[in-house]
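UniProt numbering numbers the first residue of the sequence shown as 1 and each following residue consecutively. Take a look at the structure set out below.
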Amino acid sequence: MINLEIPKKFGALVNQAHQAAAEIFRPNSRRYDLAEHTYPKELDVFAALLDGVNASGEGGGGASGVRRTEKGSGIRNGANMSTVLGTIELCWGDLGFLLSMPRQGLGNAAIASVANEEQLARFGKRWASMAITEPDTGSDSAAIKTTAVKDGSDYVINGEKIFVTAGERSDAVVVWATLDRSLGRAAIKSFVVEKGTPGMEVVRLENKLGIRASDTAVIRFTDCRVPAANLLGDPDINKGFAGVMQTFDNTRPLVAAMAVGLAWAALEETAELLAEAGVEVDYDKPADSQPAAAAAYLALEADWEAAKLLTLRAAWMADNAKPNSLEASEAKAKAGRVATEITLRCVQLCGSIGYSEHNLLEKWARDAKILDIFEGTQQIQQLIVARRLLGKTSTQLK
Numbered sequence: 001m002i003n004l005e006i007p008k009k010f011g012a013l014v015n016q017a018h019q020a021a022a023e024i025f026r027p028n029s030r031r032y033d034l035a036e037h038t039y040p041k042e043l044d045v046f047a048a049l050l051d052g053v054n055a056s057g058e059g060g061g062g063a064s065g066v067r068r069t070e071k072g073s074g075i076r077n078g079a080n081m082s083t084v085l086g087t088i089e090l091c092w093g094d095l096g097f098l099l100s101m102p103r104q105g106l107g108n109a110a111i112a113s114v115a116n117e118e119q120l121a122r123f124g125k126r127w128a129s130m131a132i133t134e135p136d137t138g139s140d141s142a143a144i145k146t147t148a149v150k151d152g153s154d155y156v157i158n159g160e161k162i163f164v165t166a167g168e169r170s171d172a173v174v175v176w177a178t179l180d181r182s183l184g185r186a187a188i189k190s191f192v193v194e195k196g197t198p199g200m201e202v203v204r205l206e207n208k209l210g211i212r213a214s215d216t217a218v219i220r221f222t223d224c225r226v227p228a229a230n231l232l233g234d235p236d237i238n239k240g241f242a243g244v245m246q247t248f249d250n251t252r253p254l255v256a257a258m259a260v261g262l263a264w265a266a267l268e269e270t271a272e273l274l275a276e277a278g279v280e281v282d283y284d285k286p287a288d289s290q291p292a293a294a295a296a297y298l299a300l301e302a303d304w305e306a307a308k309l310l311t312l313r314a315a316w317m318a319d320n321a322k323p324n325s326l327e328a329s330e331a332k333a334k335a336g337r338v339a340t341e342i343t344l345r346c347v348q349l350c351g352s353i354g355y356s357e358h359n360l361l362e363k364w365a366r367d368a369k370i371l372d373i374f375e376g377t378q379q380i381q382q383l384i385v386a387r388r389l390l391g392k393t394s395t396q397l398k
């Protein structure tokens, strides 16, 4: 059973995250939406503060705190929960800003999830982005064509990655590559490739619908040589795909938290605009006895609450070393879809105000779409959930 109150030990963290969202993220949101690819320099001071919070063991609002706890540790609300709570607050401010925060990228979450202690010591404080998607490979991660061929004490990587969040600004990239294409998903491993490594090239930056404060890069690897020690986790292909996929069990609740925070911002703004228009949302009356706009708002809020609870459950399970692949995908599927639906409906409920750049509602609607795509699309999440519930393998249910 989950205690639905915020754990008292996270109260200060949540308050600080919300203050940063209100004073740094939200006021500069439109500015960097209009100046795509420009780094939000306001993040430097806040990122340094967050580094200090993470170093203290309290967890933070970014991705680097999602390391799993060993069974029997007795921790019931740990780094995963604090990271999710902080992420919700910060994305209430601006999603693109969160994705632009130094040392809090999705690659950091991958390192925290599967790196051994030596690797964590080497890479834990680097800003790492994640490179999975390829020109011919999106949701089917097992179809990755980028190769990593063992050569002495190194691996030589060749291939191209697209849609790499923070791909230009980060210090390193976590690259998914196959050790042997003939072995399928079992041979997929992830490698940390540091910027400046010969053979690694940022080819271009993408212009996007949303999250414009965040840079999104295309990166090419040509005979890029990396030490074997940079392979995250176990290099044994007999260990299969599960070790690499464990990354998603931690990052999907994180993306769900981003969606929850973004949708919360849209709901809050919409409630204020409806009130100004004389539409009262009454929680003591049935929805069907209220104005249509109020009834629609209540339905959106109920969906949002369900997404938030699924997200908290997935994070809690990770903190308690419980398998959460099903729950992580449920949270990602629900929250990603809900964020898109809520933000678009809020634009509609607010009419011309919602559609205008004088208000952030239209921006939030654009930002929301990526949350239903990256870290596994809506369709992939539903497929994973179906496999888990029906006890089917990926071969049996495609």
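From the three backbone atoms N, C-alpha and C, an ideal C-beta is built for every residue, glycine too. Please read these numbers as outputs of a predicted model, since none were measured by experiment.
Burial state of residue i, where buried means 16 or more other Cβ atoms lie within 10 Å
i, result
"N116", "exposed"
"E89", "buried"
"L390", "exposed"
"K41", "exposed"
"R76", "exposed"
"T222", "exposed"
"L34", "exposed"
"N230", "buried"
"G196", "exposed"
"residue 421", "The structure shown does not extend to residue 421, since the chain spans only 1 to 398, so no value can be given for it."
"G105", "buried"
"Y297", "buried"
"V192", "buried"
"T395", "exposed"
"Q381", "buried"
"A109", "buried"
"R181", "exposed"
"S356", "exposed"
"N320", "buried"
"A121", "exposed"
"H18", "buried"
"N80", "buried"
"K189", "buried"
"K285", "exposed"
Rounded distance between the beta-carbons of residue j and residue i, thought under 8 Å
i, j, result
"L361", "V347", "5 Å"
"A128", "V175", "Between V175 and A128 the Cβ distance is about 10 Å, and since that is not below 8 Å, they are no contact."
"A307", "F248", "So it is not a contact: roughly 18 Å between Cβ atoms."
"V45", "L232", "Their Cβ separation, rounded to whole angstroms, is 30 Å, which puts V45 and L232 out of contact at 8 Å."
"I111", "F123", "5 Å"
"Y39", "S100", "7 Å"
"L205", "E168", "6 Å"
"L383", "A293", "Their Cβ separation, rounded to whole angstroms, is 36 Å, which puts L383 and A293 out of contact at 8 Å."
"V260", "T311", "6 Å"
"I144", "A177", "7 Å"
"A331", "A256", "4 Å"
"G336", "L371", "5 Å"
"A315", "P253", "5 Å"
Neighbourhood of residue i by C-beta distance below 7 Å, restricted to the same chain and skipping five residues each side
i, result
"R31", "none"
"P227", "S153 and D154"
"M1", "Legend: pLDDT at M1 = 42, less than 50; position of this residue unreliable, no value from coordinates given."
"D215", "H37, A166, G167, E168, R169 and L205"
"L95", "I211, M258, L262 and D367"
"L273", "C350 and I353"
"Q246", "S113 and V114"
Sheet register partners of residue i (DSSP bridge)
i, result
"V175", "A131 and F191"
"I219", "K161 and V202"
"L231", "F191"
"R225", "V156"
Own chain, CB closer than 6 Å to residue i, minus 5 neighbours either side, in chain order
i, result
"T133", "I162 and F163"
"A368", "L262, A339, T340 and T343"
"S325", "D249"
"G93", "A21, F25 and R26"
"E201", "R220"
"A217", "V164, G167, E168, V202 and L205"
"R387", "L397"
"F10", "S82 and L85"
Own chain, CB closer than 8 Å to residue i, minus 5 neighbours either side, in chain order
i, result
"L43", "I24, F97, S100, M101 and P102"
"L183", "I237"
"D282", "Q290 and A294"
"A287", "A294, A295, L298 and A299"
"V14", "I6, L85, G86 and E89"
Proximity test, residue i beta-carbon vs the ligand COA heavy atom, cut-off 8 Å
i, result
"L300", "Because no ligand of any kind appears in the structure shown, any question about the ligand COA cannot be addressed here."
Complete beta strand (DSSP E) runs within the region 113 to 169 (minimum length 3 residues, chain order): 128 to 131, 147 to 151 and 154 to 165
In chain order, each alpha helix (DSSP H) run of at least 4 residues that lies wholly inside the region 352 to 395: 361 to 368 and 378 to 390
Uninterrupted alpha helix (DSSP H) stretches inside the region 281 to 365 (no shorter than 4 residues): 292 to 319, 325 to 349 and 351 to 355
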